[in-house]
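So the number in our numbering is just where the residue sits in the sequence shown, counting from 1, plus 87.
Written below as structure tokens is the structure these notes are about.
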Amino acid sequence: MPRSCSASAPRRRDDQALAAVRAGDTLVVPKLDRLARSVPDAREIDDSLVARGVRLSLVTDPLMA
Numbered sequence: 088m089p090r091s092c093s094a095s096a097p098r099r100r101d102d103q104a105l106a107a108v109r110a111g112d113t114l115v116v117p118k119l120d121r122l123a124r125s126v127p128d129a130r131e132i133d134d135s136l137v138a139r140g141v142r143l144s145l146v147t148d149p150l151m152a
């Protein structure tokens, strides 16, 4: 039986969120590192969202850090 990695569960949820958003939606994430593993990865995700008509909003409130 395959074991799940603790890092893979959050990534699956991120993939589900990215798949679920539709044109006109805003995807809100607390910090960029919660969405992407690297800057190029973040850029690719943002470009994909923009192409689908989805806004990306990063919450950078110091209290959430």
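Even for Gly, the Cβ is constructed at its ideal location relative to N, Cα and C.
Residue environment, L122, which counts as buried when at least 16 other CB atoms sit within 10 Å: Residue 122 sits at position 35 when you count from the first residue of the sequence shown. Taking every protein chain shown into account, the CB of L122 has 16 or more other CB atoms within 10 angstroms, so this residue is buried.
Reduced DSSP secondary structure (H/G/I, E/B, other) of V126: Taking the sequence shown and counting its residues from 1, the one referred to as residue 126 is at position 39. DSSP places V126 in helix when its eight states are reduced to three.
Rounded separation between I132 and D101 - CA only: If you number the sequence shown from 1, residue 132 lands on position 45. If you number the sequence shown from 1, residue 101 lands on position 14. Between the C-alpha atoms of I132 and D101 there is a straight-line separation of about 11 Å.
Own chain residues within Cβ distance below 8 Å of R90, not counting five before or after: Translated into the one-based positions of the sequence shown, residue 90 becomes position 3. Residue confidence for R90 is low, a pLDDT of 47 falling below 50, so the modelled location carries little weight and cannot support an answer.
Range of the contiguous beta strand (DSSP E) that encloses L119: Locating residue 119 in the sequence shown gives position 32, where the first residue counts as 1. Judged by DSSP secondary structure, L119 falls outside any beta strand (DSSP E); it is assigned neither H nor E.
Where the beta strand (DSSP E) containing R142 begins and where it ends: Mapped onto the sequence shown, residue 142 falls at position 55. Element bounds for R142: R142 to L145.
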